[in-house]
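In this note's numbering, the protein residues as written are 1 to 184.
Positions of the beta carbon are idealized from the N, C-alpha and C atoms, including for glycine.
In this text the structure is predicted, and so the values were computed from the model without any measurement.
What follows is a set of notes on a single structure, which appears directly below.
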Amino acid sequence: MDQRQAKDIVQRVLEGDTNAYALLVDAYKNPILQLAYRMTGSLQDADDLAQEAFIRAFRNLHRYDRERSFFTWLYTVAINGIRNHLKKKQREEAGFIESDRQEETADDAPGMEDRLDEAREAERLELTLRRLPADQREALILRFYQGLSLEETSEILGISLSAAKMRIYRGLERLRQLLSRRKP
Numbered sequence: 001m002d003q004r005q006a007k008d009i010v011q012r013v014l015e016g017d018t019n020a021y022a023l024l025v026d027a028y029k030n031p032i033l034q035l036a037y038r039m040t041g042s043l044q045d046a047d048d049l050a051q052e053a054f055i056r057a058f059r060n061l062h063r064y065d066r067e068r069s070f071f072t073w074l075y076t077v078a079i080n081g082i083r084n085h086l087k088k089k090q091r092e093e094a095g096f097i098e099s100d101r102q103e104e105t106a107d108d109a110p111g112m113e114d115r116l117d118e119a120r121e122a123e124r125l126e127l128t129l130r131r132l133p134a135d136q137r138e139a140l141i142l143r144f145y146q147g148l149s150l151e152e153t154s155e156i157l158g159i160s161l162s163a164a165k166m167r168i169y170r171g172l173e174r175l176r177q178l179l180s181r182r183k184p
């Protein structure tokens with residue numbers, strides 16, 4: 001859905017056609033769900049947070065500035081909800097919880113070991129990403145996992161373009177440090 005279409009639908013909703021909001025949810029549910037999952041690492045939390053983001057956006061639709069991108073406004077609403085969730089969760093948890101893992105074994109099937117290695121590396125990256133400070137993690141997820149431009153990333157995070165570039169740079173550097181320390 002392009003921005004013009006999104007703005008037209010927002011206008012319809014504001015004029016009383018609340019059923020039109022389902023079109024916005026359908027168009028943006030996957031990117032919001034992916035964002036929430038990347039930030040929390042939990043499918044259940046991600047699903048709940050995505051739903052909450054759409055509810056919060058609907059309730060605050062009158063605050064949306066139609067001169068700006070609906071997509072980035074919705075992402076901002078979602079990011080703020082995810083941040084609040086993570087802060088609350090951090091307060092509730094006394095310490096670091098390490099999940100139990102079972103060692104995977106490879107079949108004799110060709111390429112299976114390579115695929116398992118790739119899956120392990122991807123999981124290692126995800127776990128290491130969660131160890132970054134929240135501001136760096138958010139910037140990296142928006143830029144690289146969600147595929148947003150630097151401009152969109154800076155707008156969603158509410159920071160200048162140069163601050164977004166610096167946050168991404170520092171996040172990548174920190175990620176490299178953490179990954180190199182844990183290399184077997």
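Whole angstroms are fine: how far does the CA of residue j sit from the CA of residue i?
i: Ile79; j: Arg137; result: 11 Å
i: Leu205; j: Trp73; result: With the chain covering 1 to 184 only, the question about residue 205 has no answer from this structure.
i: Leu23; j: Glu155; result: 24 Å
i: Ser174; j: Ile168; result: With the sequence shown as reference, residue 174 is identified as Arg, and Ser is not the correct amino acid for it. Roughly 10 Å between the two C-alpha positions.
i: Ile82; j: Leu125; result: 20 Å
i: Leu148; j: Asp17; result: 30 Å
i: Val25; j: Asp8; result: 14 Å
i: Pro31; j: Tyr64; result: 19 Å
i: Ala122; j: Arg181; result: 16 Å
i: Gln146; j: Arg38; result: 9 Å
i: Leu86; j: Thr76; result: 15 Å
Going by other Cβ atoms of all chains shown within 10 Å of its Cβ, with 16 needed for buried, is residue i buried or exposed?
i: His62; result: exposed
i: Leu132; result: buried
i: Ala119; result: exposed
i: Leu161; result: exposed
Sorted by chain position, which residues of the same chain lie with C-beta nearer than 7 Å to residue i's C-beta, five sequence neighbours on each side aside?
i: Ala164; result: Ala139, Leu150, Thr153, Ser154 and Leu157
i: Ala20; result: Ile9, Arg12 and Val13
Below 6 Å CB to CB, which residues in the same chain sit around residue i once its five sequence neighbours on both sides are set aside?
i: Ala6; result: Phe70
i: Thr40; result: Ala46
i: Arg143; result: Thr153 and Ile168
i: Ala134; result: none
i: Ala27; result: Met1
Assuming residue i and residue j form a contact by the criterion Cβ under 8 Å, report the distance between their Cβ atoms to the nearest whole angstrom.
i: Leu33; j: Asp45; result: Actually they do not touch by this definition, with Cβ atoms about 11 Å apart.
i: Ile141; j: Leu35; result: 7 Å
Within a Cβ cutoff of 8 Å, which residues of the same chain sit near residue i, ignoring the five residues on either side of it in sequence?
i: Lys29; result: Ala50 and Phe54
i: Thr128; result: Leu175, Leu178, Leu179 and Arg182
Establish whether the CB of residue i and some CB of chain B are separated by less than 8 Å.
i: Leu61; result: Looking for chain B here will not work: only one protein chain is present.
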